[in-house]
Amino acid sequence: MAKLVIHNEKISDKEAFIKICPFGALEIKDGIVDSNGACKMCKLCVRKGPEGAAEVVEEQIKAIDKSAWKGIAVYVDHENGDIHPVTLELIGKARELADKIHHPVYCIFIGAGIGDKAKDLLHYGVDSVYVYDHEDLMHFRIDTYTSVFEDFINNIKPTAILVGATNVGRQLAPRVAARFRTGLTADCTVLDIKENTDLVQIRPAFGGNIMAEIQTPNARPQLATVRYKVMNAAERNSEAKGKVIVCDLSNVVLDSDIEVIDVVAKVKEKFIENADVLVVAGRGVKSQEDLNMLKELADLLGGEVACTRPLIELGWLDAKKQIGLSGRTVRPKLIITCGVSGAVQFTAGMNNADMIVAINKDDKAPIFKIAHYGVVGDLYEILPRLIAKVKEEKGA
Amino acid sequence: MNIIVCIKQVPGSNKVEVDPVTGVLKRDGVESKMNPYDLYALETALRLKENYGGIVKVISMGPPQAMQIIREAFAMGADEGILLSDRKFAGADVLATSYTLSQGVREAGEFDLILCGKQTTDGDTAQVGPEMAEYLKIPSVSNVKKIVNVNEEAITVEMDMAHTVEIAKVKFPCLLSVEKDIFMPRLPSYVKMRATKDREIKVIGFANLKDQDEKKYGLSGSPTQVQRIFPPESNSKREIWNDSEEALANKLFIKLKEEKFI
Chain A
9 MAKLVIHNEK ISDKEAFIKI CPFGALEIKD GIVDSNGACK MCKLCVRKGP
59 EGAAEVVEEQ IKAIDKSAWK GIAVYVDHEN GDIHPVTLEL IGKARELADK
109 IHHPVYCIFI GAGIGDKAKD LLHYGVDSVY VYDHEDLMHF RIDTYTSVFE
159 DFINNIKPTA ILVGATNVGR QLAPRVAARF RTGLTADCTV LDIKENTDLV
209 QIRPAFGGNI MAEIQTPNAR PQLATVRYKV MNAAERNSEA KGKVIVCDLS
259 NVVLDSDIEV IDVVAKVKEK FIENADVLVV AGRGVKSQED LNMLKELADL
309 LGGEVACTRP LIELGWLDAK KQIGLSGRTV RPKLIITCGV SGAVQFTAGM
359 NNADMIVAIN KDDKAPIFKI AHYGVVGDLY EILPRLIAKV KEEKGA
Chain B
372 MNIIVCIKQV PGSNKVEVDP VTGVLKRDGV ESKMNPYDLY ALETALRLKE
422 NYGGIVKVIS MGPPQAMQII REAFAMGADE GILLSDRKFA GADVLATSYT
472 LSQGVREAGE FDLILCGKQT TDGDTAQVGP EMAEYLKIPS VSNVKKIVNV
522 NEEAITVEMD MAHTVEIAKV KFPCLLSVEK DIFMPRLPSY VKMRATKDRE
572 IKVIGFANLK DQDEKKYGLS GSPTQVQRIF PPESNSKREI WNDSEEALAN
622 KLFIKLKEEK FI
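Sequences listed follow chains A and B, in order.
Take 9 as the starting number for the first sequence in our numbering and just add one per residue.
Take 372 as the starting number for the second sequence in our numbering and just add one per residue.
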C-alpha cells in the first residue's frame, strides 16, 4: 500500500540516478525524472540514490479484523471421488499450522455421492469436513465450484485455505481469491504461520533461482497452493475424530455456463511422481537405445526411468517423464541421475528427494552441489557393473 | 470471432541471482522475450480466426519496452495490439495484474474469447487467467489441450486433468488457458513484420480506465507482499566420490544396500 515519489530537486546527476534501476523503469522526460510501468517497487533507487531523492510514501489503510477469521481449511482435491494424495499432505501441514495458533482444521469437499469418502478423512486429524454433495457437482466446473467455495468462506470464515496445485486447484484457487479480492500464493514450498495468523509463504520464483517470502498482511482468507509431494502427509489414525457436516446448497448457484459432455479416463500409466525410486537420464546418455540400461537398473530397484528436458526435445521419452520446472516435480526416496548436469530448471523439480545420487564424468557439474552422493565417473562404465552386482545379489 | 490473447514480456533467461548483502535481484542485461507459453495461445487464436473469421487482438501489461512483443505478435498475424502501461500499475501481484488486465479488456471492445498461455516463465503461477475471468464474470477453463468443436454460442474443449480428460462445452464469451503443444506455434513472418512496422499500438494508462480507484492497481491493489527474497539453499551434507569405475560401482552398490534399496 505505497507509491514511489521522486524528488527531482534532490538529484544532482539525473543520468546517473536513472541508471540505478535494473529494470529501466526510471526515465527523464522534459528534464524531469519519473518512474514508468516497468517499476517493480524494489526500492533500489530509494536505497542507492541520493538521500531523499526517491521516497516510498506509505498510505494509511484500514486494518481488517483478523480475529473474525478462524481455522485452516484444506480443499479436498479429487476426481470422481478418488481423493488426490496431495490432500492428505495439506491436512498434515494444516494441522501443524493450526496447532501453532490453536485453530481448528477444516476440509471442504465438493462432489457427488462423497459422504463415505468424507468420513474417511476424519482419520487424518481433521476437526470438521464440510461436504457439498449434489449431482450437479459431480464434475469440476469452475463457476459452480467457486460458488460453493464462496458459500463455505462466507459461513466458516477460515483464516487460511490450502489448495493442492493440481490442474483443478490451479484454476479454482485463483477464481476464489479474485472473488474475495484476496491474496493467493502459488506453489508454496514452505508454509509457516505467525501468532497474528499471517501465513508465511515461501515459493520459488524465476525458475527456482530465487526464493521469495510472501505474506498477505491485510486480507482474508489467505490462499496458498502447494504442489504434490512437497509437504509430509498426515498419518492415518485408526480412530476417527471430528465430524462431517453436510452443507445446505440453497445459497449455491448450480446453474453453469459450462456443460460437461464427458469425462474420459486417461490410459493408466506409471507416473514418475508416484515412484519411490527414479533413475534419470540426462544428456550424458548418448543414444535412445542406452536408455534400456537405465530401465534395467530402475526395474531392479523397483523404480521408473525419468529424464531431463533435452531428451524430451529429442523425442526419446514421453513428456510425462520429464522432471523439472517445465516438467514434473518428484520427491522419491532415491533418485539416481545419470549424465545430468543439473541445471536449476531440473533440480527445482527433484531437490526434495530423500537421497540424491549423481553420476557424471564432469566433476564441475552443478548437480554435485545438490547430490548427497556425487559419483564422478563414466555412467557407461559404472552402470553395467552396478547392474551386474545387483543382479548377483538378487540371484543369491 | 473476436479473440483477445494475453501476452507478457518475460526475461530472456531465468539466470538471476540475489545480492547476498542488499537482498536485491541482480539481473544481467535487460534482454527479454515473449513468454513462450503465450505463443501457443496466440497460435490457437490465429487458427480459430483462419477457420471462423474475426480478429485477433493481443493485450499486454508492462513497461513501454513490452511493445516489442506486441510487434512480434503482429508479425505472427495478430491484428491489433494494446499495451497497459502506467507507473500506477507498478508492483502488481496476481490480483492487481488480473484486475488491471480485466479493465484493459473492457477498453478493447466486444470479444467472444480470451486466450491465455498456461503460465509465465518468470512468475510461474498460472493464476492470472482464472482471476481475470472472475473479474469479467465469464466462465473459464484451464489446461485446454484440444479444441473439439466451435459453434455460434459455445466452444467445446478438452481439459486435461490428472487421471481423466474432461470434455466441456463452454458458452461464449469465455476464457481459456491452453496447454503447450495444443498447436505448434508458427514463426513470425518477415513480410508481416515489414507490413505492420508502423501499425499503431494502443497504449492505455490509468487515466484511460473506467475504474479510477488507485487502490485497486499496482502495489496498492496487491494483497500479497514480498517480505524478502533469498537464494535457494543447496543440501549441506554431501560426499563426492572420486575413484576407479569399478570401485565407484562397488561403493554405490554398498550404499544402496545399506539404505535398503537393494
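Where a beta carbon is used, it is the ideal one built from N, C-alpha and C, also for glycine.
(message) Would you call the region 375–386 of chain B in contact with the region 423–432 of chain B, where contact means no fewer than 3 C-beta pairs closer than 8 Å?
(response) yes
(request) Could you tell me the boundaries of the beta strand (DSSP E) in which B:Pro382 lies? (result) Indexing the second sequence from 1 puts residue 382 of chain B at position 11. Residues Gln380 to Pro382.
(message) Any heavy atom of the ligand NAP inside 7 Å of the beta-carbon of A:Ala213?
(response) In terms of ligand content, the structure shown is empty, and the ligand NAP therefore cannot be addressed.
(request) Drop a sphere of 10 angstroms on the beta-carbon of A:Phe214, count the other beta-carbons inside from all chains shown, and report buried for 16 or more, exposed for fewer. (result) For the purposes of this step, residue 214 of chain A is taken as residue 206 along the first sequence, with counting starting at 1. Buried, because 16 or more other Cβ atoms sit within 10 Å of the Cβ of A:Phe214.
(request) Measure the CB-CB distance between B:Asn540 and A:His380 and report whether it falls below 8 Å. (result) For the purposes of this step, residue 540 of chain B is taken as the residue at position 169 of the second sequence. For the purposes of this step, residue 380 of chain A is taken as the residue at position 372 of the first sequence. This sequence places Lys at residue 540 of chain B; Asn is not what is there. No.
(request) Quick one: which residues of the region 382–396 of chain A get their C-beta closer than 7 Å to a C-beta of chain B? List them in chain order. (result) Gly382, Val383, Val384, Gly385, Asp386, Glu389, Ile390, Arg393 and Leu394
(message) Let me see if you follow: with CB-CB separation under 8 Å, is A:His111 close to chain B or not?
(response) Walking along the first sequence from the start, residue 111 of chain A turns up at place 103. No, A:His111 lies away from the interface with chain B (no Cβ there is under 8 Å from its Cβ).
(request) Taking only runs that begin and end inside the region 46–70 of chain A, name each unbroken beta strand (DSSP E) of 3 or more residues, in chain order. (result) 62–66
(message) Between the alpha carbons of A:Ser334 and B:Ala525, how many angstroms are there, rounded?
(response) Sequence index remark: in the first sequence, residue 334 of chain A carries index 326 (1-based). Sequence index remark: in the second sequence, residue 525 of chain B carries index 154 (1-based). Approximately 31 Å, taken between the alpha carbons.
(request) Please list the partners that A:Glu451 has in chain B, where partner means a Cβ-to-Cβ separation under 8 Å. (result) Nothing can be reported for residue 451 of chain A: it is not among the residues displayed for chain A, which extend from 9 to 404.
(message) Cutting at 7 Å between CB atoms, please list the residues of its own chain near A:Ile109, excluding the five before and the five after it.
(response) Walking along the first sequence from the start, residue 109 of chain A turns up at place 101. Result list for A:Ile109: Ile201, Glu203 and Thr205, in chain order.
(request) Mind checking who A:Leu342 pairs with in its DSSP beta bridge? (result) What you label residue 342 of chain A is simply residue 334 of the first sequence in a count that begins at 1. According to DSSP, A:Leu342 bridges with A:Val285 and A:Met363.
(request) Give the residues from the region 368–380 of chain A that approach chain B closer than 8 Å (Cβ to any Cβ), ordered along the chain. (result) Asp371, Phe376, Lys377, Ile378, Ala379 and His380
(request) From the DSSP output, in three-state form, read off A:His110 for me. (result) Counting from 1 along the first sequence, the entry for residue 110 of chain A is found at position 102. A:His110: coil per DSSP, three-state reduction.
(message) Whole angstroms are fine: how far does the CA of A:Ile253 sit from the CA of B:Leu627?
(response) Residue 627 of chain B sits at position 256 when you count from the first residue of the second sequence. Residue 253 of chain A sits at position 245 when you count from the first residue of the first sequence. Those two C-alpha atoms are separated by around 48 Å.
(message) Rounding to the nearest angstrom, what Cα-Cα distance links B:Gly480 and B:Glu451 in this structure?
(response) Taking the second sequence and counting its residues from 1, the one referred to as residue 480 of chain B is at position 109. Taking the second sequence and counting its residues from 1, the one referred to as residue 451 of chain B is at position 80. Cα to Cα, B:Gly480 sits roughly 12 Å from B:Glu451.
(request) Inspect the beta-carbon positions of A:Gly123 and A:Asp144 and report whether they are closer than 8 Å. (result) Taking the first residue of the first sequence as 1, we reach residue 123 of chain A at position 115. Taking the first residue of the first sequence as 1, we reach residue 144 of chain A at position 136. Taking 8 Å as the Cβ cut-off, A:Gly123 and A:Asp144 do not qualify as a contacting pair.
(request) Could you tell me if A:Ile69 is buried or exposed, where buried requires 16 or more neighbouring beta carbons within 10 angstroms of its beta carbon? (result) Along the first sequence, one-based indexing puts residue 69 of chain A at 61. Per the 10 Å Cβ criterion, exposed.
(request) Could you tell me the distance, in whole angstroms, from the CA atom of A:Ala81 to the CA atom of A:Leu170? (result) As a working note, residue 81 of chain A is residue 73 in the first sequence. As a working note, residue 170 of chain A is residue 162 in the first sequence. Rounded to whole angstroms, A:Ala81 to A:Leu170 spans 6 Å at the Cα level.
(request) Check whether the Cβ atoms of B:Ser593 and B:Leu546 sit closer than 8 Å, and answer yes or no. (result) As a working mapping, residue 593 of chain B is identified with position 222 in the second sequence. As a working mapping, residue 546 of chain B is identified with position 175 in the second sequence. No, these two residues do not count as a Cβ contact at 8 Å.
(message) Measuring straight from C-alpha to C-alpha, what distance separates A:Arg178 and A:Gly172?
(response) Here the question's residue 178 of chain A lines up with position 170 in the first sequence. Here the question's residue 172 of chain A lines up with position 164 in the first sequence. Approximately 8 Å between the Cα atoms of the pair.
(request) Report the neighbours of A:Asn44 on chain B: residues whose CB is nearer than 9 Å to its CB, in chain order. (result) Residue mapping note: residue 44 of chain A aligns to position 36 of the first sequence, counting from 1. Residues of chain B passing the Cβ test: Pro434, Pro435, Ser456, Asp457, Arg458 and Ala461.
(request) With a threshold of 16 other CB atoms inside 10 Å of the CB of A:Glu87, please say whether the residue is buried or exposed. (result) Counting from one through the first sequence, the residue named residue 87 of chain A turns up at place 79. Buried, because 16 or more other Cβ atoms sit within 10 Å of the Cβ of A:Glu87.
(message) Helix, strand or coil, according to DSSP, for A:Phe117 in the structure here?
(response) Indexing the first sequence from 1 puts residue 117 of chain A at position 109. Looking at A:Phe117 - three-state DSSP - the assignment turns out to be strand.
(request) Compare the beta carbon distance of B:Ile374 and B:Asp483 with 8 Å and say whether it is the shorter of the two. (result) The sequence position of residue 374 of chain B within the second sequence is 3, counting from 1. The sequence position of residue 483 of chain B within the second sequence is 112, counting from 1. The answer is yes: Cβ separation under 8 Å.
(request) Note down, in chain order, each residue of its chain lying with its Cβ closer than 6 Å to the Cβ of A:Leu231, except the 5 sequence neighbours on either side. (result) Looking up residue 231 of chain A in the first sequence gives position 223. Once the five neighbours on either side are set aside, the close Cβ partners of A:Leu231 are Ile169, Ala181, Ala185 and Leu192.
(request) Within 10 angstroms of the Cβ of B:Leu558, are there 16 or more other Cβ atoms? Answer buried if so, exposed if not. (result) Position 187 of the second sequence, counted from the first residue, corresponds to residue 558 of chain B. Looking at its Cβ environment, which holds fewer than 16 other Cβ atoms inside 10 Å, B:Leu558 is exposed.
(request) Return the CA-CA distance between A:Gly250 and A:Val137, expressed in angstroms with no decimal places. (result) Here residue 250 of chain A refers to the residue found at position 242 when the first sequence is read from its first residue. Here residue 137 of chain A refers to the residue found at position 129 when the first sequence is read from its first residue. Roughly 8 Å separates the two Cα atoms.
(message) Between which residues of its own chain and A:Glu63 is the CB-CB distance below 6 Å, once the five residues before and five after are set aside?
(response) Position 55 of the first sequence holds residue 63 of chain A. Answer for A:Glu63: Val13, listed in chain order.
(request) Report yes if the CB atom of B:Ser456 is closer than 8 Å to the CB atom of B:Gly589, and no otherwise. (result) As a working note, residue 456 of chain B is residue 85 in the second sequence. As a working note, residue 589 of chain B is residue 218 in the second sequence. Contact: no.
(request) Only counting runs of 4 or more residues, tell me where the alpha helix (DSSP H) segments fall wholly within the region 554–618 of chain B, in order along the chain. (result) 561–566
(request) Using only alpha-carbon positions, find the residue among A:Thr174, A:Asp370 and A:Lys274 that is nearest to B:Glu537. (result) The residue labelled residue 537 of chain B in the question sits at position 166 within the second sequence. Comparing Cα-Cα distances from B:Glu537 to each of A:Thr174, A:Asp370 and A:Lys274, the minimum goes to A:Lys274.
(message) Out of B:Val515, B:Ser615 and B:Asn406, which one is the CA nearest neighbour of B:Gly433?
(response) Taking the first residue of the second sequence as 1, we reach residue 433 of chain B at position 62. If we check each option's Cα against that of B:Gly433, B:Asn406 comes out closest.
(request) Would you mind sorting B:Gly475 into buried or exposed? The rule is 16 or more other CB atoms within 10 Å of its CB. (result) Within the second sequence, numbered from 1, the residue matching residue 475 of chain B stands at position 104. When all chains shown are included, B:Gly475 counts as buried.
(message) In the DSSP output, which residue or residues are listed as bridge partners for B:Met405?
(response) As a working note, residue 405 of chain B is residue 34 in the second sequence. DSSP output for B:Met405 lists B:Gln380 as bridge partner(s).
(request) List the residues of chain B that A:Ala185 touches, going by C-beta distances under 7 Å, in chain order. (result) Your numbering for residue 185 of chain A matches position 177 in the first sequence. Within chain B, the residues near A:Ala185 are Leu466 and Glu502.
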